[in-house]
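Worksheet: the structure to be examined is printed underneath.
2 protein chains.
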Amino acid sequence: MISLKEMVLLHASVPADGIIKVDRFLNHIIEPTLILQIGQDIGARFQEFKIDKILTIEASGIAPALGVGLALNVPVLFAKKSQPSTMIDGYTVDVHSFTKQKDYKIFVSKEYLRPDEHVLIVDDFLAMGNSILGMKDIIKQAGAHCIGAGIVIEKSFQAGRSILEKEGLKVESLIRIQSISAQDGIQFLE
Amino acid sequence: MISLKEMVLLHASVPADGIIKVDRFLNHIIEPTLILQIGQDIGARFQEFKIDKILTIEASGIAPALGVGLALNVPVLFAKKSQPSTMIDGYTVDVHSFTKQKDYKIFVSKEYLRPDEHVLIVDDFLAMGNSILGMKDIIKQAGAHCIGAGIVIEKSFQAGRSILEKEGLKVESLIRIQSISAQDGIQFLE
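Top line first, the protein sequences correspond to chains L and A. So the first sequence is numbered by numbering that gives the first Met the number 0: it starts at 0 and just counts up by one. So the second sequence is numbered by numbering that gives the first Met the number 0: it starts at 0 and just counts up by one.
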């Protein structure tokens with residue numbers, strides 16, 4: 000089976016310096032067997048912890064989070080980017096997207112995040128860490144325990160990891176990228 | 000293992016007549032083992048067909064589509080509700096949402112839908128059928144072949160199924176609901 004790193008090498012493209020496009024297997028097309036592998040690999044990084052629930056953000060976080068949910072046999076809760084009319088009582092937080100240069104809100108129903116729960120955050124990308132911080136804040140609002148963050152692809156040349164680690168968060172990324180340039184391609188942090 | 004029908008009976012709520020809320024296991028929390036079961040059951044309904052790809056729409060279609068992708072071992076392509084800055088050349092179509100009383104566009108990169116492909120549509124809900132018709136249109140734009148639509152929950156009291164069948168589409172729904180009322184609850188079509 001083709002590994003995540005091979006997938007990145009074979010199928011990721013670089014539309015501009017610092018930008019990686021993984022539409023071929025993660026963000027537009029989803030390769031199911033790769034999702035199982037991602038789930039098992041992230042799950043293994045947190046195997047010593049009690050985990051009751053996975054938290055992610057729609058839409059591109061759902062597939063890797065579901066992979067981890069399958070590996071650990073725990074439910075996946077995905078934060079919504081708009082408040083559904085049927086959500087009566089929810090936690091919310093503002094998240095700044097550097098990619099899209101705008102703020103957005105995420106919503107989680109209070110019903111589905113309980114104070115006694117141990118929650119693992121899972122996301123497809125880590126860049127500046129804002130979406131992870133947003134989810135950490137939601138977990139805190141619920142009085143629940145944040146176990147850490149499992150990431151598929153980390154842009155290690157951005158500040159996300161150090162910001163999250165300063166917040167005391169355990170960060171595990173399957174792929175760490177040192178640089179992305181249109182000329183030299185993708186360099187991994189070994 | 001608890002079945003989809005039992006999940007609906009136990010955990011679906013009815014905020015108003017005609018409206019069913021399945022946030023507890025499908026649209027906010029996702030139960031991974033249920034997704035595997037949904038995938039296998041929808042996959043079985045289309046087992047006599049060659050299927051190269053699953054098509055769905057973000058965000059709540061992703062989990063059941065991934066379940067079917069896992070069952071049939073084929074990639075899942077999810078249509079986006081906003082055009083990514085990195086999408087250069089895409090198919091698009093307008094979809095009317097009766098639930099949200101507005102139109103929205105869906106986008107699929109031309110790169111990922113080829114004329115020789117056999118595509119199965121998967122979605123969480125079938126009500127008036129507009130999102131399915133939108134995906135069918137995208138498949139037609141690509142010159143690809145639409146095998147049919149696999150649905151988790153069908154509101155059989157709405158016109159979606161008959162509209163899709165008039166378009167020649169094979170529709171398979173795991174749960175068919177005859178009526179939803181705040182007073183009498185959920186009645187299934189047996």
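C-beta atoms are modelled at their ideal positions from N, C-alpha and C, and glycine is treated no differently. Model, not experiment: these values are computed from the prediction.
Spell out the partners DSSP gives residue i in its beta bridges.
i                      : result
residue 102 of chain A : A:95
residue 10 of chain L  : According to DSSP, which records beta bridges pairwise, residue 10 of chain L is partnered with nothing at all.
residue 175 of chain A : A:153
residue 90 of chain L  : L:107
residue 140 of chain L : DSSP output for residue 140 of chain L lists no bridge partner at all.
residue 148 of chain L : L:120 and L:170
residue 128 of chain L : Paired residue(s): none; residue 128 of chain L is not in a bridge.
residue 184 of chain L : L:180
Once you ignore the five residues that flank residue i on each side, which residues in its own chain have a CB closer than 6 Å to its CB?
i                      : result
residue 126 of chain L : 154, 157 and 159
residue 68 of chain A  : 53 and 75
residue 72 of chain L  : none
residue 39 of chain L  : 70
residue 112 of chain L : 141 and 143
residue 82 of chain L  : 106
On the premise that residue j lies in contact with residue i, defined as a C-beta separation below 8 Å, what is that separation, rounded to the nearest angstrom?
i                      : j                      : result
residue 152 of chain L : residue 21 of chain L  : 7 Å
residue 107 of chain L : residue 89 of chain L  : 6 Å
residue 130 of chain L : residue 94 of chain L  : 5 Å
residue 65 of chain L  : residue 41 of chain L  : Contact flag wrong, Cβ pair sits at about 11 Å.
residue 63 of chain A  : residue 118 of chain A : So it is not a contact: roughly 15 Å between Cβ atoms.
residue 15 of chain A  : residue 61 of chain L  : Residue 15 of chain A to residue 61 of chain L, Cβ: 27 Å. No contact.
residue 105 of chain A : residue 135 of chain A : At roughly 12 Å, the Cβ-Cβ gap does not stay under 8 Å, so residue 105 of chain A and residue 135 of chain A are not in contact.
residue 128 of chain L : residue 45 of chain L  : Their Cβ separation, rounded to whole angstroms, is 18 Å, which puts residue 128 of chain L and residue 45 of chain L out of contact at 8 Å.
residue 92 of chain A  : residue 137 of chain A : 6 Å
Which residues in the same chain have their Cβ closer than 8 Å to the Cβ of residue i, if we skip the five residues on either side of it in sequence?
i                      : result
residue 187 of chain A : 4, 174, 175, 176 and 177
residue 139 of chain L : 145
residue 13 of chain A  : 19, 20, 179, 180, 181, 184 and 185
residue 166 of chain A : 132 and 135
residue 116 of chain L : 51, 52, 141, 143 and 144
residue 37 of chain A  : 3, 63, 66, 67, 151 and 173
residue 86 of chain L  : 79, 106 and 108
residue 98 of chain L  : 126
residue 162 of chain A : 127, 128 and 132
Might you give, ordered along the chain, the residues of its own chain that have their beta carbon closer than 7 Å to the beta carbon of residue i, omitting 5 neighbours on each side?
i                      : result
residue 26 of chain L  : 59 and 123
residue 24 of chain A  : 6, 10, 30 and 33
residue 49 of chain A  : 117
residue 103 of chain A : 80, 94 and 96
### Query
Which runs of the beta strand (DSSP E), 3 residues or longer, sit entirely within the stretch 5-59 of chain A?
12-15, 18-20 and 52-56
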